[in-house]
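Novice: For the sequence shown, the tail end lands on 579 under the numbering used here, and the numbers increase by one without skipping. Positions of the beta carbon are idealized from the N, C-alpha and C atoms, including for glycine.
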Amino acid sequence: MVYKPWKIIPRPLLETVLNNHAQRHRVPQPLILHGPRGAGKTTLILERLLGEWNKGPHLTGYVDFAESIKDHHPQFNQSFPWSSWSNCPPTTLPNCRTKLDSCLESMAHKGVQLGSISSHQIFSILSKWHGLNTALRRVIAGNGASKNALSEKVSGSVLWDRAVFALSARCNGQEIDGILGLTEKKNVPLEEASYYREAVVALRLAKEVIKQQQSWRANAIAHLNRTGGFAGSLANSCTDWPCLLMELLSQAAEIDHFQPKLVINNVEVLKNAILDENSSVCGSMYHDSLIWRIIALGANERCFPVVLVTSDSYYSYRAYMDFGFPDIFISREAFGWSPQEAKLHMITDYFSNSEWSVIAEVFGPNPRHLFELYALKQANYYQLLEDNKDSTFEDIVDSYLAYLQITVVNPAMEKALGLLQKFAADARSGKFSKDRLRFGAPWRHPPPKNDPTMCLGWAKIQLMDFVQSLINTEFGINYLADCSLEIMDDPSAVALVEVGLLYAQRDPSIIRPISRGIQRCIVRWLVQERMQMSYPIFVQYKWQCFMRGRSYRHLMLQVGYK
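#1: Is residue 113 helix, strand or coil by DSSP?
#2: In the DSSP assignment, find the beta strand (DSSP E) that holds residue 604 and state where it starts and stops.
#3: Return the first residue and the last residue of the beta strand (DSSP E) that residue 51 is part of.
#4: Quick test of the definition: if touching needs 3 or more C-beta pairs under 8 angstroms, does the region 233-244 touch the region 294-308?
#5: For the alpha helix (DSSP H) that contains residue 348, what are its first and last residues?
#6: Around the C-beta of residue 207, are 16 or more other C-beta atoms found within 10 angstroms, so that it is buried, or is it exposed?
#7: Let me know if residue 344 comes out buried or exposed under the rule of 16 or more other beta-carbons within 10 Å of its beta-carbon.
#8: When you compare the CB positions of residue 415 and residue 460, do they come within less than 8 angstroms of one another, or not?
#9: Which same chain residues, not among the five before or five after residue 375, have their C-beta less than 8 angstroms away from its C-beta?
#10: Looking at the secondary structure, which residues open and close the beta strand (DSSP E) in which residue 281 lies?
#11: Mind checking who residue 60 pairs with in its DSSP beta bridge?
#12: Quick one: residues in its chain with C-beta nearer than 6 angstroms to the C-beta of residue 372, no 5 flanking neighbours on either side, listed in chain order?
#13: How many Å lie between residue 164 and residue 264 at the Cα?
#14: Could you tell me the alpha carbon to alpha carbon distance between residue 125 and residue 61, rounded to whole angstroms?
#15: Between the beta-carbon of residue 89 and the beta-carbon of residue 105, is there less than 8 angstroms?
#16: Taking C-beta to C-beta, are residue 55 and residue 495 nearer than 8 angstroms?
#17: Expressed to the nearest angstrom, what Euclidean distance is found between the alpha-carbon atoms of residue 99 and residue 390?
#18: Under the criterion of a Cβ to heavy atom distance below 7 angstroms, does residue 105 qualify as lining the ligand ADP?
#19: Look at residue 51 and residue 332 and say whether their C-beta atoms are less than 8 angstroms apart.
#20: According to DSSP, simplified to helix, strand and coil, what is residue 256?
#21: Within the same chain, show all residues whose beta-carbon is closer than 8 angstroms to that of residue 27, passing over the 5 residues directly before and after it, in chain order.
#22: Consult DSSP for residue 236 and reduce its assignment to one of helix, strand or coil.
#23: Taking the straight line between their C-alpha atoms, what separation do you get for residue 347 and residue 179?
#24: Just to confirm my understanding: we take residue 380, look at its own chain, exclude 5 residues before and 5 after, and list those with CB closer than 6 angstroms. What are they?
#25: Output needed for residue 116: all residues of its chain with C-beta closer than 6 angstroms, excluding positions within five of it in sequence on either side, in chain order.
#26: One question on the structure: do residue 131 and residue 274 come within less than 8 angstroms of each other, judged by their Cβ atoms?
#27: Let me make sure I understand the geometry here. Which of 258, 82, 44 has the alpha-carbon closest to that of residue 59?
#28: Using 10 angstroms around the beta-carbon of residue 463, count the other beta-carbons present and answer buried if the total reaches 16, otherwise exposed.
#29: Please list the terminal residues of the continuous beta strand (DSSP E) segment that includes residue 529.
#30: Our contact map puts residue 128 next to residue 269 with C-beta atoms below 8 angstroms; I'd like the distance itself, whole angstroms only.
#31: Less than 8 angstroms between the beta carbons of residue 514 and residue 531, yes or no?
#32: DSSP puts residue 325 in a beta bridge; with which residues?
#33: In terms of alpha-carbon separation, which member of 194, 184, 148, 351 lies closest to residue 30?
#34: State yes or no: is the C-beta of residue 254 within less than 8 angstroms of the C-beta of residue 231?
See the structure below:
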């Protein structure tokens, strides 16, 4: 067989849907592109769409919050994790904020270059949401004079013009010309160049004003972080700058002249980002505030297209309910190829008929599995064994399956066991309502004592029982069928979804493993744990298996069986 380089295969239907959304200059709702890992969402955006979305009047900002996780990102010659980003070392919130702010600022500078954003527009939007007088007086005064040097009767617009003039004197003119590209353009009239420079300085002034106002809330934010409370006004103060830029870009958008749009990849990383200082609210509160304000901007005034890309199944259904109602976002779910499509694209070019039969049975049509198997097939070591007739294709399949088992599934199951032990500790301390610990639920009676060994044994029994029940339903639970949403109360289901081995898809509403290969590794984990189980835990497990026919978990899984 002639080995061909891997090619990016078009996805006409999904590309058309996304293009139709992106071609509009303003839209009423953000779009979420979600689906299980390995389905090719990032590849679709980067290889097929992003180039087209930056041609002509179109300008697309791309932010990947996972770029700073160097051990798991292609930018650093690594691959995305198969399991959830929550299993990786978390990034810091200031890093995520810097990426988002820098992207939006560069887009705003492009709007200034095209004459779509002016100093007056910036002042109008800023004064709509903020009181400016005190901050502007401080900017005008600088480090020397008193802020009361100006009369109190001076209007806000006059203060703004004076502040822009004062700040422009402190800015580096060559740096501003570099941002605008004026150093390369020799024929720009002086008046036009001054207009552009004024808009850039106005952007810096707006950022300075928001920074000052946020510093006035620093003690309140630090207290909020210490107490773990919630304050919408403080959360909104931390997202003021990116949301101001989004509103500015939305107002400046114009068909066939300036059509900005924003793609945020791995948005779930922002939710799990950690603080390394008290200058901002926590990552989850920042995440919620940012999305709330994007929704509000779209509903009230129309927003430029914002596309959120994620593999976290929280965004397939739960996020819609948390933020309002089932249609608050535009949902586009990507599952990769169907078996027939994958067979059409793979056979003869990448795999033979016999090889495809093995792949389809063991791994299914997941594009990332296919790519990684093809890369292993092309490896020099495998080629050497194949030439010596010492190896078959089944050997590489077994090796790849063992790799997934050791590096992906087993660590994720350990993390799930830790989440179940935490659930037991929270249940003992009374953090859950009686509805969560309802009669008949297998998880109703966690260990009464804080014994690590006993808690681990209880968690392992719960997880094994859930996996066995999942196997009985052929790995498919329809969590919306017949009002069976109670399955999400099961701590084992929640843990496996959180670590990323299960995916709760939106339509049809089925909880299932993210791929057939991962599904096979989950079964292997269950067999391995049964073999290693001590006799007392084995007796408890068999008793729970015996009672499963009448257990709440079994009934829920059977009700939701696809």
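Specialist: According to the data block:
#1: helix
#2: Residue 604 cannot be examined here, being either before or after the span of the chain that is shown, 18 to 579.
#3: 48-51
#4: yes
#5: Under the DSSP assignment, residue 348 falls outside any alpha helix (DSSP H), being part of the beta strand (DSSP E) whose first and last residues are 347-350.
#6: So residue 207 ends up on the exposed side.
#7: exposed
#8: Inclusion of residue 415 and residue 460 in the CB contact set at 8 angstroms is not warranted, their separation being larger than that value.
#9: 410, 411, 414
#10: 276-282
#11: None, per the DSSP bridge assignment.
#12: Cβ within range, chain order: 410.
#13: Low confidence applies here, because residue 164 scores a pLDDT of 47, under 50, leaving its location unreliable and the question unanswered by this model.
#14: 26 angstroms
#15: yes
#16: Not in contact: residue 55 and residue 495 (Cβ atoms no closer than 8 angstroms).
#17: 15 angstroms
#18: The ligand ADP is not part of the structure shown, which contains no ligands of any sort.
#19: Their beta carbons are under 8 angstroms apart, which means residue 51 touches residue 332 by this criterion.
#20: coil
#21: 65
#22: Correct three-state label for residue 236: helix.
#23: 44 angstroms
#24: So the list reads 386, 533, 534, once near-sequence residues are dropped.
#25: Excluding sequence neighbours, residue 116 sits near 80.
#26: yes
#27: Nearest of 258, 82, 44 to residue 59, Cα basis: 82.
#28: buried
#29: For residue 529, the uninterrupted beta strand (DSSP E) segment begins and ends at 527-530.
#30: About 5 angstroms separates the CB atoms of residue 128 and residue 269; that is less than 8 angstroms, so the two are in contact.
#31: no
#32: 49, 281
#33: 351
#34: yes
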